[in-house]
Amino acid sequence: MESKVTLSLCYTGLISALAAMALTVIAFFGTVQDQVQGDLSVTGDAIAAAYDRGGLTDLSVYGEDLLRVTLVSPDGRVLYDTDAQAGALENHLSRPEIAQAISEGTGRAARASATLGRQDFYYARMLGDGNILRVSAPATTLPLMLGSASPGLLGSFVILLGLAVCLAAIGTRRIMKPVKDLPAALEDPAAPADSRRVYPELAPLVREVQTLRGTRQQMRQEFTANVSHELKTPLTTISGYAEMIETGLAREEDIPRFAGEIRREASRLLNLIADIIRLSQLDESAGQEIQREPVELLSLARECERTLEPEAARRGISLAVRGTEYTLSGNRTQLWELVYNLTENAIKYNRDNGSVVIEVGPGRLSVKDTGIGIPKEHQSRIFERFYRVDRSHSRATGGTGLGLSIVKHVAEAHNAKITVQSTVNVGTEITVEFEPPPGA
Ligand code: ADP
Numbered sequence: 113m114e115s116k117v118t119l120s121l122c123y124t125g126l127i128s129a130l131a132a133m134a135l136t137v138i139a140f141f142g143t144v145q146d147q148v149q150g151d152l153s154v155t156g157d158a159i160a161a162a163y164d165r166g167g168l169t170d171l172s173v174y175g176e177d178l179l180r181v182t183l184v185s186p187d188g189r190v191l192y193d194t195d196a197q198a199g200a201l202e203n204h205l206s207r208p209e210i211a212q213a214i215s216e217g218t219g220r221a222a223r224a225s226a227t228l229g230r231q232d233f234y235y236a237r238m239l240g241d242g243n244i245l246r247v248s249a250p251a252t253t254l255p256l257m258l259g260s261a262s263p264g265l266l267g268s269f270v271i272l273l274g275l276a277v278c279l280a281a282i283g284t285r286r287i288m289k290p291v292k293d294l295p296a297a298l299e300d301p302a303a304p305a306d307s308r309r310v311y312p313e314l315a316p317l318v319r320e321v322q323t324l325r326g327t328r329q330q331m332r333q334e335f336t337a338n339v340s341h342e343l344k345t346p347l348t349t350i351s352g353y354a355e356m357i358e359t360g361l362a363r364e365e366d367i368p369r370f371a372g373e374i375r376r377e378a379s380r381l382l383n384l385i386a387d388i389i390r391l392s393q394l395d396e397s398a399g400q401e402i403q404r405e406p407v408e409l410l411s412l413a414r415e416c417e418r419t420l421e422p423e424a425a426r427r428g429i430s431l432a433v434r435g436t437e438y439t440l441s442g443n444r445t446q447l448w449e450l451v452y453n454l455t456e457n458a459i460k461y462n463r464d465n466g467s468v469v470i471e472v473g474p475g476r477l478s479v480k481d482t483g484i485g486i487p488k489e490h491q492s493r494i495f496e497r498f499y500r501v502d503r504s505h506s507r508a509t510g511g512t513g514l515g516l517s518i519v520k521h522v523a524e525a526h527n528a529k530i531t532v533q534s535t536v537n538v539g540t541e542i543t544v545e546f547e548p549p550p551g552a
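Spelled out as structure tokens, the structure:
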């Protein structure tokens, strides 16, 4: 962006400078021409005055340098010319400056000269005896003037170029400063978005980012608070039971039960830690493109089925996979976690001897159970971290409240949409719809 700004400032500066130079040359050229024409008429008038007073008999005294003097009779014959033999010259009546002098008293004209690259200026004046006096002098043309001025112009151009580059660099630094300061302004929540450090056009962006950061910060704080609470609960239980055994407060026959509680809480703790670590890994890579590979969902579902089969069998729940093969480009590990978590929930929140069906179709996967169902008002919140409809049920089944958060994360990373259909005491069906691959 910086080099773009510098370049466009350079261009703007140079183009303006060149335009100014061109206009100056043209204006200067006009002035020079006016000057030549003015000088010529002064000279012409002076010679005419001397001629009329009768004090001038020999016009040849003026024929020096570049000035040319011609005397023309009222019928157009050339009576005298300082540059040529008068008799050899053609009739001058048709020359515009002569014609104008005859009708108006004085006449002016400019014509291309015999000398290349020059033009002649003419001034004619009616004399007292009826003859016409004409003076003429060559003047420079625009290309000729440009040619002779080119070293100077080139020098000015180089200076202007240097100046444009320097000013563009300084200008760029000034323009870019608030943009470069943006990260600092975003970092500092105390700095208001409409402070002088920020361009007004960027203020909405700064506010948006600050709000987003604030929300994220708050969510992080909430998550940390939740994590420590979730970790404390099983640890308190564990240390409570352990203390009772240690102090001999527990009766002999209670000890196996307490040991079982300790083991369950410990395994819950392990699950919790695993889920927390997994979620923070997913959080860290959020927004980044996942590593993709072709993943076939039907066989993936069968793998999950095999893994969870013992758990389902313990409660007499039938587990089935149906549908057709469907291959998508995705992250195999993440998709496995998605199917596993949904199926595990379908078993955990099922009734004894219920059933679970994983169905795979084109661009979709659904897990349907015959369980306790999710009341309508909870359906939109179950994907929140640590959210559980029934805390004690979730605890009893070793739930962490994070399974569906992981599912949601994975779905988002795969641009998939999740829908929940559930009726209390009838069952739940959670469907994941994947975006069709590009070009499909
Ligand atoms: P948990 O570890 O508690 O199962 P999840 O994030 O996986 O955490 O699920 C959040 C909550 O959603 C669960 O506590 C449960 O109340 C509800 N839930 C999830 N899946 C189902 C289901 N198949 N049937 C009924 N309720 C479910």
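The sequence shown: position 166 = 278 (the numbering used here), numbered continuously. We put the CB at the ideal spot given by N, CA and C, even for glycine.
How would you label residue i, buried or exposed, when you count the other beta carbons within 10 angstroms and need 16 or more for buried?
i              : result
alanine 276    : buried
isoleucine 429 : buried
proline 316    : exposed
leucine 152    : buried
proline 346    : buried
asparagine 465 : exposed
serine 172     : exposed
leucine 135    : exposed
histidine 505  : exposed
lysine 520     : buried
isoleucine 484 : buried
lysine 480     : buried
For the alpha helix (DSSP H) holding residue i, just list the boundary residues, first then last.
i             : result
leucine 450   : 444-460
valine 318    : 315-358
threonine 284 : 254-292
arginine 414  : 409-426
valine 468    : It is not in any alpha helix (DSSP H) - valine 468 instead sits in the beta strand (DSSP E) that spans 467-473.
alanine 362   : Premise fails: alanine 362 is in no alpha helix (DSSP H) and is neither H nor E.
alanine 224   : Premise fails: alanine 224 lies in the beta strand (DSSP E), 218-224, not in any alpha helix (DSSP H).
histidine 526 : Histidine 526 -> no alpha helix (DSSP H), and no H or E assigned at all.
Kindly indicate the opening and closing residues of the beta strand (DSSP E) around residue i.
i             : result
arginine 165  : Counting along the chain, arginine 165 falls outside any beta strand (DSSP E), and DSSP gives it neither H nor E.
serine 478    : 476-481
glutamine 231 : 230-238
Can you give the Cα-Cα distance for residue i and residue j, rounded to whole angstroms?
i                 : j                 : result
alanine 139       : alanine 222       : 18 Å
glycine 515       : leucine 121       : 56 Å
arginine 414      : phenylalanine 498 : 28 Å
glutamate 114     : valine 321        : 23 Å
threonine 253     : valine 184        : 27 Å
valine 247        : phenylalanine 233 : 8 Å
threonine 535     : glutamate 496     : 20 Å
histidine 204     : glycine 150       : 23 Å
leucine 201       : valine 181        : 13 Å
threonine 155     : leucine 178       : 13 Å
threonine 327     : arginine 390      : 22 Å
arginine 230      : proline 250       : 6 Å
proline 255       : leucine 265       : 13 Å
isoleucine 357    : serine 517        : 37 Å
serine 268        : isoleucine 287    : 27 Å
phenylalanine 370 : alanine 354       : 8 Å
Quick one: what does DSSP say residue i is sitting in, helix, strand or coil?
i              : result
serine 534     : strand
aspartate 177  : coil
arginine 195   : For the sequence presented, residue 195 should be read as aspartate rather than arginine. In this structure, aspartate 195 counts as coil in the three-state DSSP scheme.
methionine 133 : helix
proline 548    : coil
threonine 182  : strand
glutamate 487  : Note on identity: in this sequence residue 487 is proline, with glutamate being the wrong assignment. Three-state result, proline 487: coil.
arginine 434   : strand
isoleucine 374 : helix
glycine 510    : coil
serine 248     : strand
leucine 391    : helix
leucine 205    : coil
Compare the Cα-Cα distances from residue i to each of the options and report the closest residue.
i              : options                           : result
threonine 540  : Ser504, Ala162 and Ile459         : Ile459
aspartate 164  : Met133, Asn243, Pro208 and His521 : Asn243
isoleucine 210 : Gly199, Thr194, Arg189 and Ala196 : Arg189
isoleucine 388 : Arg418, Ser340 and Ser262         : Ser340
aspartate 293  : Asn457, Leu314 and Leu256         : Leu314
alanine 158    : Leu245, Ala261, Glu471 and Pro406 : Leu245
glycine 475    : Val468, Tyr438, Glu489 and Asn457 : Tyr438
asparagine 443 : Ala508, Pro422 and Glu408         : Glu408
Tell me whether residue i counts as near the ligand FMN, meaning its Cβ is closer than 7 Å to at least one heavy atom of that ligand.
i          : result
valine 451 : The ligand content of the structure shown is limited to the ligand ADP, which means the ligand FMN is not among them.
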